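A short worksheet on the structure shown next.
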Amino acid sequence: HKAHAHTVQGLTPQEDLGVTLTHEHLFSDGSSFFELDDSDDAEEFANMPLTSHLIDRVILSSCSNRDNINLDNPEIVIAELEDFIQLGGHTIVDVTPEGMGRDPHVLQMISRRSGVPIVMGCGFYCEYSCEPWVLNATIDELMQRMVKDLTEGNDGIRSGIIGEIGINGQERGTLNYVGEMTPMEERSLRAACRASIETGAALSIHQPNRASAVPKILSVLESENMKPEKVILCHMSSIWDFSMHLYALERGYRIGYDNFGMMLKNSRMRYLDDSQRMDWLIEVFKQGYGDQVLVSHDIWCKVQWKHFGGGGYGHFLRTIVPTLLSRGFTDSDINLLLVKNPAALIAY
Numbered sequence: 036h037k038a039h040a041h042t043v044q045g046l047t048p049q050e051d052l053g054v055t056l057t058h059e060h061l062f063s064d065g066s067s068f069f070e071l072d073d074s075d076d077a078e079e080f081a082n083m084p085l086t087s088h089l090i091d092r093v094i095l096s097s098c099s100n101r102d103n104i105n106l107d108n109p110e111i112v113i114a115e116l117e118d119f120i121q122l123g124g125h126t127i128v129d130v131t132p133e134g135m136g137r138d139p140h141v142l143q144m145i146s147r148r149s150g151v152p153i154v155m156g157c158g159f160y161c162e163y164s165c166e167p168w169v170l171n172a173t174i175d176e177l178m179q180r181m182v183k184d185l186t187e188g189n190d191g192i193r194s195g196i197i198g199e200i201g202i203n204g205q206e207r208g209t210l211n212y213v214g215e216m217t218p219m220e221e222r223s224l225r226a227a228c229r230a231s232i233e234t235g236a237a238l239s240i241h242q243p244n245r246a247s248a249v250p251k252i253l254s255v256l257e258s259e260n261m262k263p264e265k266v267i268l269c270h271m272s273s274i275w276d277f278s279m280h281l282y283a284l285e286r287g288y289r290i291g292y293d294n295f296g297m298m299l300k301n302s303r304m305r306y307l308d309d310s311q312r313m314d315w316l317i318e319v320f321k322q323g324y325g326d327q328v329l330v331s332h333d334i335w336c337k338v339q340w341k342h343f344g345g346g347g348y349g350h351f352l353r354t355i356v357p358t359l360l361s362r363g364f365t366d367s368d369i370n371l372l373l374v375k376n377p378a379a380l381i382a383y
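Quick note: to get my numbering, add 35 to the position in the sequence shown (first position is 1).
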C-alpha cells in the first residue's frame, strides 16, 4: 500500500506533493473572533469594507473589522495561489475545521481552477467558536463525525487531515478561562485522536500561546496512545518559551512554526517577527530535529493576502527561503522542510 494525500480532488501520491504548506486557510469564517476595539468609532470601523486605507488600523486590531476576518473571496484566493505556484509551491493544507466556514465545494473549485492540490481539514475548533451541538456531544459522536468526513466526505469530497483541533481554555459565552482546555475541548481532542488511529489521518492541533498548555495536551495524546509522528502541534512559534518547543520535539512530536509573515495584533494572539521564527528554526535544525518541524503562514484574515498588502501564500518561498540559504541552510534542508516533512505528515 503506497501512501497518498487525500485531497479534495482525490488521492495524490506522497511523492507528488511537492512544496507543501501545512497550515493555511483559503475559505473560512472568523466571525467568532470578532471583538470591538476601544476606539470612538468602533462600531463604524467594525462594519467598514476592507480597503487599502484601513489596512494599518486593521493590522493593529485584526479582529475588530468584520470583513477582515472573513476569507470569503475565492477569486482573490485563486490569484494569490498563482503567486505561490510561480515561486515553486504545489500543495496547500487548509485546516479550517467544521463550523468555521469550511466549504468542501468551494475548496474543490479553488483546487480545480488554481491547479493546487488542497487537503481539507475536519473536526472542531475552540469551544468559544463551536456550534452548540458540539458542546454536549460525546467523544464517540465527535469521533464518528470526523471519521465520516475522512472516509465518505461531503458529496464525496473527503477531508485528508484532522484539525485544526481547537485548544484554548475559554468557556463559550463568558470567555472565562477554565483551565488549559475546556471539558468540551478535551472531548474533541480525544475524539480526534481516536479518528486518527482509526483512519490513519494526521492530527493538527491549534495550541493557545501558553507554554503551560503543551504538557496538558501531550498528556491527553499519550493517554489516547497517539503516535507522536502523526501529530503536528501548531502555533509553536506563538509560544515564546523555546524550551517547550524542545520538550515536544524530544518526545517525537512534530511542531508548526506556522505564522511566518504575520504581524497582527488582537486580544488572543501576540506575534513576534520572522527573524525570531528563523532563529528558532535554525536552532531546531542544529539540535537535530529538522525532520519534525513544519512551516506555514496561517493566513486567516484578509490583510495577510498580497491583495491587501500582506505576504500571501508565497511569502515563505519569496522571502524566508533566500534568507535561510544565506544563513547556512542547504538545498537539502529546504527540501526536508517544505517537501519531505509535509509529505511524511499528511500522506497515509
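Just so you know, even glycine gets a beta-carbon here, dropped at the ideal spot from N, CA and C. Only a predicted model underlies this, so the values are computations on that prediction, with no experimental measurement involved.
Worksheet item: How would you write the range of the alpha helix (DSSP H) that Ile113 sits in, first residue to last?
Response: 109–121
Discussion item. Between the stretch 150–168 and the stretch 77–87, can you find at least three pairs of beta-carbon atoms closer than 8 Å?
Written reply: no
Worksheet entry | Option nearest Thr57 by Cα separation, candidates Thr131, Asp368, Arg193, Ala227 | Thr131
Discussion item. Taking the straight line between their C-alpha atoms, what separation do you get for Pro48 and Val213?
Written reply: 43 Å
Discussion item. My output table needs one value for Phe69: the three-state DSSP class, helix, strand or coil.
Written reply: coil
Practice prompt. Would you give the residue range spanned by the alpha helix (DSSP H) that Pro357 belongs to?
Written response: 356–361
Worksheet item: Based on Cα-Cα distance, which residue from Gln242, Phe69, Gly198, Thr234 lies nearest to Thr217?
Response: Gln242
Practice prompt. Can you give me the start and stop residues for the alpha helix (DSSP H) that His280 sits inside?
Written response: 277–285
Item to complete: Kindly identify the DSSP beta-bridge partner or partners of Pro393.
Response: Nothing in the structure corresponds to residue 393, since the chain is present only between 36 and 383.
Fill in: CB-CB length for Glu199 against Tyr160, believed under 8 Å
7 Å
Practice prompt. Report all residues from its chain with a CB closer than 7 Å to the CB of Met178; omit the five preceding and five following residues, and keep chain order.
Written response: Ala226, Arg229, Ala230
Worksheet item: Could you give the distance in angstroms between the alpha-carbon of Val330 and the alpha-carbon of Ala379?
Response: 14 Å
Item to complete: Report the rounded CA-to-CA distance for Leu71 versus Cys98, giving the unit in angstroms.
Response: 8 Å
Item to complete: Report, in whole angstroms, the separation of the C-beta atoms of Asn294 and Ser273, which I expect to be a contact under 8 Å.
Response: 7 Å
Fill in: Opening and closing residue of the beta strand (DSSP E) in which Ile240 lies
238–241
Worksheet entry | Gly124, buried or exposed, once every other Cβ within 10 Å from all chains shown has been counted against 16 | buried
Item to complete: Measure from the alpha carbon of Gln339 to the alpha carbon of each residue in Phe320, Arg137, Val112, then state which is nearest.
Response: Val112
Discussion item. What residue range does the alpha helix (DSSP H) around Arg229 cover?
Written reply: 218–234
Practice prompt. Name the two residues that bound the continuous beta strand (DSSP E) containing Leu268.
Written response: 266–269
Fill in: Gly344 versus Thr55, Asn103, Gly53, residue with shortest Cα-Cα distance
Asn103
Worksheet item: On the three-state DSSP scale, how would you describe Asn376?
Response: helix
Discussion item. Just to confirm before moving on: does the CB-CB distance between Phe69 and Arg101 stay below 8 Å?
Written reply: yes
Fill in: DSSP bridge partner residues for Ser63 (one or two, in chain order)
Leu106
Discussion item. Starting from Ile200, trace the beta strand (DSSP E) in both directions and tell me its first and last residue.
Written reply: 197–201
Worksheet item: When we look at the beta-carbon of Pro357 and count the other beta-carbons within 10 Å, is it buried (16 or more) or exposed?
Response: exposed
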